[in-house]
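*Asks:*
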Amino acid sequence: MKKYNPKIIEQKWQKVWEDDKTFSVLVDHDKPKFYVLEMFPYPSGDIHMGHVRNYTLGDLMARYKHAKGFNVLHPMGWDSFGLPAENAAIENEIHPRKWTLSNISKMKSQLKKMGLSYDWKRELSTCEPEYYKHEQKMFLDFYKNKIAYRKETWVNWDPIEQTVLANEQVIDGKGWRSGALVEKRKMNGWFLKITDFSNELLDELKQLHNWPEKVKIMQKNWIGKSVGAIIKFEVNEINDHIEVFSTRPDTIFGASFIAISPQHPFAIKIMEKNEKIKDFVNKTNFTSTSEAEIEKNEKIGIDTNFTANHPFNKSKKIPIFIANFILIDYGSGAIFGCPAHDQRDLDFARKYKLEILPVVAKFANTTVKINKKAYTDEGIMINSEFLNNLNVNDAINKSIEKLEEIGAGKKNINFRLRDWGVSRQRYWGCPIPIIYCDKCGEVPVPVKDLPVKLPESISFDKTGNPLSNNKKWKIVDCPKCKSKSVRETDTFDTFFESSWYFAKFTDEKNNDPLSKSSLNYWLPVDLYIGGIEHAVLHLLYSRFFIKALNKINQIEFKEPFSSLQTQGMVCHRTFKNKKGEWIFPKDVYHENNNYYLFSNNELVHSGRIEKMSKSKKNVIDPNIIIEKYGADTARFFILSDSPPERDMEWTESGVDGSWRFLNKLWNFLNKEDYNNIDSKFIHPSEKKDIELIKFTYKMIKNITKSIDNFHFNIAIASIRSLFNEINSYECNSNLCLVFKKFSLSQLIILLNPICPHFCEEAWEKLGYKTKLFNQKWPEIRSKYLLDDKILIPIQVNGKKRGEILVEKNLTENQVSQLAVKQPSVEKFLLKKPSKIIVIPNRIINIVV
RNA sequence: GCGAGCGUGGUGGAAUAGGUAGACACAUGAGACUUAAAAUCUCAAGCCCUUAUUGGGCGUGGGGGUUCAAGUCCCCCCGCUCGUACCA
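Residues in the first sequence are numbered consecutively from 234, following our numbering.
(1) Take every Cβ of the region 642 to 656, pair it with every Cβ of the region 606 to 619, and state whether three or more of those distances are shorter than 8 angstroms.
(2) What are the boundary residues of the alpha helix (DSSP H) that includes L334?
(3) Hey, could you find the ends of the beta strand (DSSP E) V885 is sitting in?
(4) How is the beta strand (DSSP E) around S718 delimited, first residue to last?
(5) Can I450 and F693 be called in contact, C-beta distance under 9 angstroms?
(6) If you draw a straight line from the C-alpha of H299 to the C-alpha of C711, how long is it?
(7) Using only alpha-carbon positions, find the residue among S523, S358, P329 that is nearest to L398.
(8) Compute the Euclidean distance between the alpha carbons of K1085 and N985, then round it to the nearest angstrom.
(9) Might you give, ordered along the chain, the residues of its own chain that have their beta carbon closer than 8 angstroms to the beta carbon of K707, omitting 5 neighbours on each side?
(10) Do A541 and I475 have their CB atoms nearer than 9 angstroms?
(11) Can you tell me whether T396 is buried or exposed, with buried defined as 16 or more other CB within 10 angstroms of its CB?
(12) From which residue to which residue does the beta strand (DSSP E) around E467 run?
(13) Taking 8 angstroms as the threshold, find out whether the region 360 to 371 comes into contact with the region 873 to 888 through three or more Cβ pairs.
(14) What's the C-alpha gap between V852 and L980?
(15) With a 10 Å radius around its C-beta and 16 neighbouring C-beta atoms as the bar for buried, classify F831 as buried or exposed.
(16) For T484 versus V601, is the C-beta distance shorter than 9 angstroms?
(17) Quick check: the region 911 to 927 against the region 958 to 966, are there 3 or more CB pairs under 8 angstroms?
(18) Using 8 angstroms as the cut-off, can you tell me whether the region 782 to 790 makes contact with the region 303 to 323, which would need three or more C-beta pairs spanning the two stretches below that distance?
(19) Return the bridge partner residues of C804 from the DSSP annotation.
(20) By DSSP, does L955 sit in helix, in strand, or in coil?
(21) Could you check which residue in S966, V971, L983, K913 has the C-alpha nearest to that of I947?
(22) So which of P877, I404, K998, F943 has the shortest CA-CA distance to L898?
(23) For H990 and L756, I'd like the C-alpha separation in whole angstroms.
(24) Would you kindly check if the distance between the Cβ of V1080 and the Cβ of I1070 is under 9 angstroms?
(25) Within 8 angstroms, do at least three Cβ pairs link the region 301 to 309 to the region 267 to 286?
(26) Roughly how many angstroms separate the alpha carbons of L650 and D436, rounded to a whole number?
(27) Cα-Cα, which of K236, M282, C360 is closest to I857?
(28) How should I1089 be labelled, buried or exposed, when 16 other C-beta atoms within 10 angstroms of its C-beta is the threshold for buried?
(29) Among the candidates W353, T480, D1021, Y1001, whose CA atom is the shortest distance from the CA of C571?
(30) Starting from the Cα of L623, find the closest Cα among K850, S976, K595, A768 and give me that residue.
(31) Suppose you measure from the CA of V514 to the CA of P591; what does that come to, to the nearest Å?
(32) What is the DSSP secondary structure of A768, reduced to helix, strand or coil?
(33) On the CB-based measure, 16 or more other CB atoms within 10 Å of its CB, does C992 come out buried or exposed?
(34) From which residue to which residue does the beta strand (DSSP E) around K384 run?
(35) What residue does the beta strand (DSSP E) around V247 start on, and which one ends it?
(36) Would you mind reading off the limits of the alpha helix (DSSP H) that contains D710?
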């Protein structure tokens, strides 16, 4: 008997699949289609366990759906524009393109070793002009339809590098390379009008039945629709006014201050004449644009010494503050503060000793005392003139009505969602196809001149945007008047590429990515799998992109992904040596509950189990695992322990366990020669045979259901159970070998989506001449799923005291009479039962 | 800060629509095989008490509640993770 040798088996089948073009698909209207897609990777150079997990999940589903009779599209590509290539260029003096291409080729060969069923002829890479020419065209269409526009925006500016920084490049308010204090700066940039689609993006979440609820809630909150009022406050000291948005216009009589953003036009206007205010505003400029940073800062404000009139009480003067926590992008960049009924307002009022007047009480005509906590519950209006005695909801409507009557405000629906800024001041991205001409202004590049290619020759020596420094590329003739003009030197946010790549995969000839025939056949994506970190941005941008393309009549559908599954992180224990330096797990061995270094047997400190990350060195290289155990073991383990959506811990012992299982199965298969055993199904008549067949069908049902529900760890538990059952099946005749071969064959078909190389080889060993890949998924024979007797637990006062084996479908009366006579139950029935609850075929609870 | 999620034996996890908590594994212990070890196979096992069982109590991050019945539903608290708009 030959030992299980994954290296030989996996190479053999990978070659067969490649030679036969097994995974190559075409449009086929006679078959139902299934488009399964995993989020494509950024080509960092090496696959990591997160990729292994993601792609194993997708491959399992692709192979499963194929066995179920679907025409399956399962493609892969590269999200290949982005910052890391540019960083590598600066650090190692390597061209971003060269770096990226070499990473792609490395990663591709690593992926191929996993035995994934990709249709590689559809491979795409977003950094190629062949890809981005299409999105330049889409951008021009958006521009024509006023979905793309240019406006000023705030960016993180590094004054030493003379460059815009990403939020992650700002560390403690300083530039990551220069260490300079980062300042906010206004700059022109291109935007997409996602806010035109706010309502649709929100409403159509309801149609995404197969998306995780949590993702939909996150998107809903991100879009942040709120109904309220815009209220106009006249400024007393000068001729000006400030508009605020509020969801609680009912609390207007409790308003004790107005707070505006440091970037608010009114703040900019008055800072010129007031040094103190100027200092304050300038100080708030030294934070990053990140919302988390802004919110975590101490909330401070400055009194402008201007006051505003209360709209309903002209004698009331409300102080105007500038505050660092008011976001210019939200609402109108200004609020009125009602400290009694908003916690943040209350904290602010306490700090600056402002009035705190309660206007909502639990009951009418009562008083409310505000201490540390604002009163934010429902209630009845007090201290509010014409609003008194109304409940909050009615008061909101009435206050808006009155505001409209006196012309001081109006009802308003506000969204938290902001337009999508797509401009990046970087080289390694898709050029934005616009030319600026002194005479003609913004001129779109004519479609016949697309793609606007990135210049090959580029220098990262100077500070600032490399494209902007590249005069040869930048200076062009105006397409309209032919006078000397300049190109837009910003490139697209890389979310632009990932917002439509799933559509490009349907176009195998690279003519027209939006060609209707294949697009309408394959899309929407039936199953999209990726990390939860993309819950909002990538997934919302993609939804928007499809809606925008739909609006300009380029595609017919409205949602890109009909079902979504999110996967958790792959974690590993962390290790540190005596000096406190991180240690790779591969350099450590485990003995007597301690960990030691291989090199010198030094005791290693074992730390928390955390997400695998290069910085903490708690990474396991998939290549080493595949080299040592083979792809099938890696695939089996990564699915076996944790459900996909949860974080999982990678352990050596877990991989070993999976390896042992495949070996056990291999050795078991090799014990018999199944070549001449009949593979036709025979109905069993002996008890042990019936039991084996019944168990087999039960597991087929469980496994099928678990896969449909995306619970692959349970599917694997059932596969193991099925193997345990077959393994303990006593077999000493030729007839029983038929049953054994039948059950084993089912097991192999069920395991195939998880361990495809192993199973193809096993299938051959079982004597089949066809390819397992094309084998249909087992059908259920319901006759073998029926049980006539059933074990029912008996509880007394909710505690289990016994169980009885009864005929199915007895009456409640019959069952309860049997139950009270059970010896283990009877002794708890000192008093007469007051109630017996019988849930048919499930449980009995006797209450005494 | 805000939004979202998660928390079950020594470990990963299972548990249909509120109905037997701990499936299936890993690690551990004992035994078999072996000159020995590895590998493999068999058995045991949530914790505590116990007359050692075919007995009892406790137990799903902590505290409270609803229910005949709560890992599951509700309220409060703790811890961890993701996102927070220029990382992808």
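Yeah, the Cβ is synthetic: ideal placement off N, Cα and C, and Gly gets one too. Computed from a prediction, not measured in an experiment: that's the story for all the values here.
*Replies:* Quick look at the numbers:
(1) no
(2) 329 to 345
(3) One point to set straight first is that residue 885 is Glu, not Val, in the sequence displayed. From DSSP, E885 is part of no beta strand (DSSP E) but of the alpha helix (DSSP H) over 885 to 903.
(4) 717 to 720
(5) In this structure, I450 sits away from F693, with a CB-CB distance that is not shorter than 9 angstroms.
(6) 53 angstroms
(7) S523
(8) In the structure as shown, the chain begins at 234 and stops at 1081. Residue 1085 is therefore absent and cannot be evaluated.
(9) Excluding positions up to five away in sequence, the list reads L700, S701, V719, R720, T722.
(10) Contact: yes.
(11) T396 counts as buried, since at least 16 other C-beta atoms from the protein chains shown sit within 10 angstroms of its C-beta.
(12) 458 to 468
(13) No, they do not touch.
(14) In a straight line, the C-alpha of V852 is about 33 angstroms away from that of L980.
(15) exposed
(16) Contact: no.
(17) The region 911 to 927 vs the region 958 to 966: in contact.
(18) no
(19) K844, E882
(20) Secondary structure at L955: helix, using DSSP grouped into helix, strand and coil.
(21) Relative to the Cα of I947, the nearest Cα in the group S966, V971, L983, K913 belongs to L983.
(22) K998
(23) 30 angstroms
(24) yes
(25) yes
(26) If I take the Cα positions, the gap works out to 14 angstroms.
(27) M282
(28) What the structure shows of the chain is the stretch from 234 to 1081, and residue 1089 is not part of that stretch, so it cannot be assessed.
(29) T480
(30) K595
(31) Computed Cα separation, rounded: 31 angstroms.
(32) Coil, per DSSP.
(33) Per the 10 Å Cβ criterion, buried.
(34) 381 to 391
(35) Looking at the sequence provided, one finds Gln at residue 247 rather than Val. Taken as a continuous stretch (DSSP letters only), Q247 belongs to no beta strand (DSSP E), being part of the alpha helix (DSSP H) at 239 to 252.
(36) Element bounds for D710: not the alpha helix (DSSP H) but the beta strand (DSSP E), 708 to 710.
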